[in-house]
Each structure stands twice: as structure tokens, then as C-alpha cells.
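A short write-up of the structure that comes next.
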Amino acid sequence: TDSILLDEFDLATMQIDLDLCSENDCKVYVTAPKGSLKVLDNMFIGDTSLGSVARSFARNKPLKLPLVLKKDTSIRSIVNRNAQLSSAPVAVYV
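As numbered in the numbering used here, the sequence shown has no gaps in its residue numbers, which increase by one up to the final residue, 360.
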């Protein structure tokens, strides 16, 4: 199984392709300090912001919920829509 770990330096680009999601379904987990969430709200995988994924927890449990990308979807990239491609402390595990 292939996986990647991205940080704020990786996300300080316009777009990151998630090619490893073309052969298998992928789960994308995002964790970040609260101070980073506003910046992450302007980074997207399709219509879903990294900020919303970072805020997703299982009901009544301290477990992170991933964004699941199906292998047959055309959405396979993270797009940074922040001014000057700004980023903030974050870890994205795919």
C-alpha cells in the first residue's frame, strides 16, 4: 500500500496531484492546530476544504474521520486558493 505525508511546505503550491488514488480508493486524514484552520478552509480536494476534514471527528469518540476518494473519481488533487499560496502548520496523510 502506498501512502504520502504532506506538510505546510508541500501545500504552499498551487496544486498537488494525488496520483496514488487512481488505482485504489484513498482516505485523506488532516490534522492541524486551531490557528491553521482558517488557511485550510481555502485549500480544497474537490468541493471539500482541508479545514472541514481537519474538523471531522467520529460522534462521541476522539477519532478523526477521513475524506474518502473513490478510485473512479476525477478528483485527485489538493488545490491551494489562498493569496500568495499561503499555508499553515498541517499534516495531511493519504
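Cβ coordinates follow ideal geometry from the N, Cα and C atoms, glycine included.
Would you grab the beta carbon distance between residue i and residue j for me? Rounded to a whole angstrom, and I think it's under 8 Å.
i: residue 357; j: residue 314; result: Residue 357 to residue 314, Cβ: 17 Å. No contact.
i: residue 374; j: residue 291; result: The structure shown does not extend to residue 374, since the chain spans only 267 to 360, so no value can be given for it.
Start and end of the beta strand (DSSP E) containing residue i?
i: residue 294; result: 292–297
i: residue 358; result: 357–359
i: residue 335; result: 333–335
i: residue 316; result: First-last for residue 316: 316–320, but that is the alpha helix (DSSP H), not the beta strand (DSSP E).
Run the CB neighbour count on residue i, radius 10 Å, all protein chains shown included, and call it buried at 16 or more, exposed below.
i: residue 340; result: exposed
i: residue 316; result: buried
i: residue 354; result: buried
i: residue 334; result: exposed
For residue i versus residue j, is the C-beta distance shorter than 8 Å?
i: residue 322; j: residue 284; result: no
In the DSSP assignment, find the alpha helix (DSSP H) that holds residue i and state where it starts and stops.
i: residue 256; result: For residue 256 there is no data in the structure shown, the boundaries of the chain being 267 and 360.
i: residue 330; result: From DSSP, residue 330 is part of no alpha helix (DSSP H); its letter is neither H nor E.
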